[in-house]
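Novice:
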DNA sequence: TATCTAATTAGATTATAATCTAATTAGATA
DNA sequence: TATCTAATTAGATTATAATCTAATTAGATA
């Protein structure tokens, strides 16, 4: 997940009124006037806060006649909540400082004449170095379709499905709804 | 956990610089100058952010000679993170500063031999305690007609209209279209 | 189409907070 | 004790955001 997304989530829920709205919606959907009444605030204020909660997808709405009911998206809330725990990466604990020379040598060992990989190393450490090497052609902050990722990986290695899965598992990439993004560098293993 | 504590936690981590500090400290303790250098900010700025992270106990420090090293308290971070998931459960009662003994005494002072109130206290704090006492006979999640509420209040106090109005004004209850409901506990004053 | 209800937007006010430079403090060392 | 290093505090500047009233918009209904 993008750093900014994590920050924005916490900025949004770091407000007393919005936490109270989340708390209210836990026991079921409510319309705007009801929320305003329960919290002792005016309708425009509630609109303002609901907009922010909708922006991060923690609240969604359904209209019934003139009235719009607001619902809590609990699974989204849980996923966003959990993201801060991953920041910095758990795999980061396996401190391995490998020099550029060593990396180059390992990459060369697994590369054929055409610059492609024949197989992935079994050793985790070496495998991460290869994965990182492949990643260098991708852009930070850009969103990729699964198909794009597959095609890109294939320019390096035949079994794109394995590599793509490894990218996500090692926290190099983040996948949401079939869309892939590079993780910020501070989430990478290594 | 108290509502304010949850809000304050998210307010604190809802900042890019502080998330980056947390991310850095995940791979081990660092001193202030090192953090400032890695983030491209000045020492006083880092002091400011570390203070906030220390205030919520997510960071602690150990001195070594002239240098202070800052550590991440990961278990605390996880516990605070999860609190928002629980919010809205009835576990928000801790915000009451007045002990049960004090409350009992105040209630006794305003009660006559028959267990009814002669008058309402002028002091807001005491009045809220009496109102809360009356409320205990009502059910959470149940809807009441105005008539029912009036009759119920009269078993405690003659001037039901005043009490009913106070209930709504103090956010103990919520009124929609002549129907009354108890508010969730975390909306209550005190 | 005219009118009603609920929600949203615009714009103002006010409060909060991120960052910096300059000054000060806490603690170690010679 | 004098001096050094790293951290903190004070105070200013600037940006962000919570809330309100008044105006507008979206959609339903007669």
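Residue numbers (the UniProt record's numbering), protein chains in the order written: chain A, 1 to 190; chain B, 1 to 190. Built from N, CA and C at the ideal position, the CB exists for glycine as well. Keep in mind that this is a model prediction, so the values were computed, not measured.
1) Relative to chain A, which residues along the stretch 57-80 of chain B have a C-beta separation below 9 Å, given in chain order?
2) Residues of chain A with a CB under 7 Å from the CB of residue 14 of chain B: which are they?
3) What does a CB cutoff of less than 8 Å around residue 139 of chain B pick up in its chain, not counting 5 residues either side in sequence?
4) Can a CB atom of chain B be found closer than 9 Å to the CB of residue 52 of chain A?
5) Taking residue 152 of chain A as the reference, give the member of A:166, A:169, A:134 with the closest Cα.
6) Per the contact definition of three or more C-beta pairs closer than 8 Å, is the stretch 68-88 of chain B in contact with the stretch 25-33 of chain B?
7) Are the stretch 36-44 of chain A and the stretch 167-178 of chain B touching by the rule of at least three beta carbon pairs closer than 8 Å?
8) Rounded to the nearest angstrom, what separates residue 82 of chain B and residue 54 of chain B at their Cα positions?
9) Leaving aside the five residues before and after residue 95 of chain A along the sequence, list all residues of the same chain whose C-beta is less than 7 Å from its C-beta, in chain order.
10) Nearest to residue 12 of chain A by CA position, among A:106, A:1, A:49, is which residue?
11) Whole angstroms are fine: how far does the CA of residue 178 of chain B sit from the CA of residue 107 of chain B?
12) What number of angstroms, rounded off, separates the C-alpha of residue 180 of chain A from the C-alpha of residue 6 of chain A?
13) Secondary structure at residue 2 of chain B, three-state DSSP: helix, strand or coil?
14) If we cut at 9 Å on Cβ distances, does residue 95 of chain B have a partner in chain A?
15) Look at residue 160 of chain B and residue 115 of chain B and say whether their C-beta atoms are less than 9 Å apart.
16) Given that residue 3 of chain B touches chain A, what residues does it touch there, using C-beta distances under 9 Å?
17) Please list the segments of the beta strand (DSSP E) lying wholly inside the stretch 101-177 of chain B, counting only runs of 3 or more residues, in order along the chain.
18) From the DSSP output, read off the bridge partner residues of residue 181 of chain A.
19) For chain A, check one thing: does any of its Cβ atoms lie closer than 9 Å to the Cβ of residue 176 of chain B?
20) With H, G and I counted as helix, E and B as strand and the rest as coil, what does DSSP make of residue 87 of chain B?
21) Tell me the DSSP bridge mates of residue 31 of chain B?
22) Is there at least one Cβ from chain A nearer than 9 Å to residue 171 of chain B's Cβ?
23) To the nearest angstrom, how far is the alpha carbon of residue 147 of chain B from that of residue 120 of chain B?
24) Counting only Cβ pairs nearer than 8 Å, list the residues of chain A close to residue 84 of chain B.
25) Provide the residue span of the alpha helix (DSSP H) that contains residue 26 of chain A, from first to last.
26) Let me confirm a value: residue 10 of chain A is counted as buried when at least 16 other C-beta atoms fall within 10 Å, else exposed. Which label applies?
27) Using beta-carbon positions only, say whether residue 80 of chain B and residue 58 of chain B come within less than 9 Å of one another.
28) Taking a contact to mean a Cβ-Cβ separation below 9 Å, would you say residue 201 of chain A touches residue 3 of chain B in this structure?
29) What residues in the stretch 24-36 of chain A have a beta carbon less than 9 Å from any beta carbon of chain B?
30) Assuming the contact rule is C-beta atoms closer than 8 Å, residue 22 of chain A and residue 163 of chain B should be a hit. Round their C-beta distance to whole Å, please.
31) According to DSSP, is residue 55 of chain B helix, strand or coil?
32) Less than 9 Å separating the beta-carbons of residue 78 of chain A and residue 26 of chain A?
33) Mind checking if residue 87 of chain B is an interface residue toward chain A, Cβ cutoff 9 Å exclusive?
34) At least one CB of chain B closer than 9 Å to the CB of residue 40 of chain A: is that the case?
Specialist: Well, looking at it:
1) 72, 74, 77, 78
2) Residue mapping note: residue 14 of chain B aligns to position 14 of the second chain, counting from 1. Under the 7 Å cutoff, chain A gives 7, 10, 11, 14.
3) For this step, residue 139 of chain B is matched to residue 139 along the second chain. Within the same chain, residue 139 of chain B has close Cβ partners 182.
4) Working through the first chain from its first residue, we reach residue 52 of chain A at position 52. Not an interface residue.
5) Here the question's residue 152 of chain A lines up with position 152 in the first chain. That would be A:134, whose Cα lies nearest to the Cα of residue 152 of chain A.
6) yes
7) yes
8) Indexing the second chain from 1 puts residue 82 of chain B at position 82. Indexing the second chain from 1 puts residue 54 of chain B at position 54. Computed Cα separation, rounded: 19 Å.
9) Position 95 of the first chain, counted from the first residue, corresponds to residue 95 of chain A. Reliability of the predicted coordinates at residue 95 of chain A is poor, the pLDDT of 34 falling under 50, and the value obtained from them is presented with this limitation in mind. Around residue 95 of chain A: no qualifying Cβ.
10) By one-based count along the first chain, residue 12 of chain A stands at place 12. When only C-alpha atoms are compared, the closest one is A:49.
11) Position 107 of the second chain, counted from the start, is the residue given in the question as residue 107 of chain B. Position 178 of the second chain, counted from the start, is the residue given in the question as residue 178 of chain B. Cα to Cα, the separation comes out at about 29 Å.
12) On the first chain, residue 180 of chain A is found 180 positions in, with the first residue counted as 1. On the first chain, residue 6 of chain A is found 6 positions in, with the first residue counted as 1. Their backbone Cα atoms lie some 16 Å apart in a straight line.
13) Within the second chain, numbered from 1, the residue matching residue 2 of chain B stands at position 2. Coil at residue 2 of chain B, not helix or strand.
14) What you label residue 95 of chain B is simply residue 95 of the second chain in a count that begins at 1. Note that residue 95 of chain B has pLDDT 36, beneath the 50 cutoff, so the model's placement of it is unreliable and the number below is only indicative. No, residue 95 of chain B lies away from the interface with chain A (no Cβ there is under 9 Å from its Cβ).
15) In the second chain, residue 160 of chain B corresponds to position 160, counting from 1. In the second chain, residue 115 of chain B corresponds to position 115, counting from 1. Cβ atoms of residue 160 of chain B and residue 115 of chain B: not closer than 9 Å.
16) In the second chain, counting from the first residue as 1, residue 3 of chain B sits at position 3. The contacting residues are 16, 19, 20, 23.
17) 143-145, 173-176
18) Within the first chain, the letter at position 181 stands for residue 181 of chain A. DSSP lists A:143, A:174 as partners of residue 181 of chain A.
19) For this step, residue 176 of chain B is matched to residue 176 along the second chain. Output row for residue 176 of chain B: interface = yes.
20) Here the question's residue 87 of chain B lines up with position 87 in the second chain. Looking at residue 87 of chain B - three-state DSSP - the assignment turns out to be strand.
21) As a working note, residue 31 of chain B is residue 31 in the second chain. Answer by DSSP bridge pairing, in chain order: B:69.
22) Residue 171 of chain B sits at position 171 when you count from the first residue of the second chain. Yes, residue 171 of chain B lies at the interface with chain A (some Cβ there is under 9 Å from its Cβ).
23) Residue mapping note: residue 147 of chain B aligns to position 147 of the second chain, counting from 1. Residue mapping note: residue 120 of chain B aligns to position 120 of the second chain, counting from 1. Using only the alpha carbons, I get a separation of about 21 Å.
24) The count along the second chain starts at 1 and reaches residue 84 of chain B at position 84. Ordered by position in chain A, the residues that pass the 8 Å Cβ test against residue 84 of chain B are 13, 19, 22, 77, 81.
25) As a working mapping, residue 26 of chain A is identified with position 26 in the first chain. Counting along the chain, the alpha helix (DSSP H) containing residue 26 of chain A begins and ends at 16-26.
26) Numbered from its first residue, the first chain carries residue 10 of chain A at position 10. Looking at its Cβ environment, which holds 16 or more other Cβ atoms inside 10 Å, residue 10 of chain A is buried.
27) Residue numbering aside, residue 80 of chain B sits at position 80 when the second chain is read from its first letter. Residue numbering aside, residue 58 of chain B sits at position 58 when the second chain is read from its first letter. A contact, by the Cβ cut-off of 9 Å.
28) The structure shown has nothing for residue 201 of chain A, since chain A only spans 1 to 190.
29) 24, 25, 26, 27, 33, 34
30) What you label residue 22 of chain A is simply residue 22 of the first chain in a count that begins at 1. What you label residue 163 of chain B is simply residue 163 of the second chain in a count that begins at 1. That pair is no contact at about 31 Å.
31) By one-based count along the second chain, residue 55 of chain B stands at place 55. Of the three classes helix, strand and coil, the one that applies to residue 55 of chain B here is helix, per DSSP.
32) Taking the first chain and counting its residues from 1, one reaches residue 78 of chain A at position 78. Taking the first chain and counting its residues from 1, one reaches residue 26 of chain A at position 26. No.
33) Residue numbering aside, residue 87 of chain B sits at position 87 when the second chain is read from its first letter. For residue 87 of chain B, the answer is yes, since a Cβ of chain A falls inside 9 Å of its Cβ.
34) As a first step, residue 40 of chain A is located in the first chain; it is residue number 40 there, counting from the start. So yes, residue 40 of chain A belongs to the interface.
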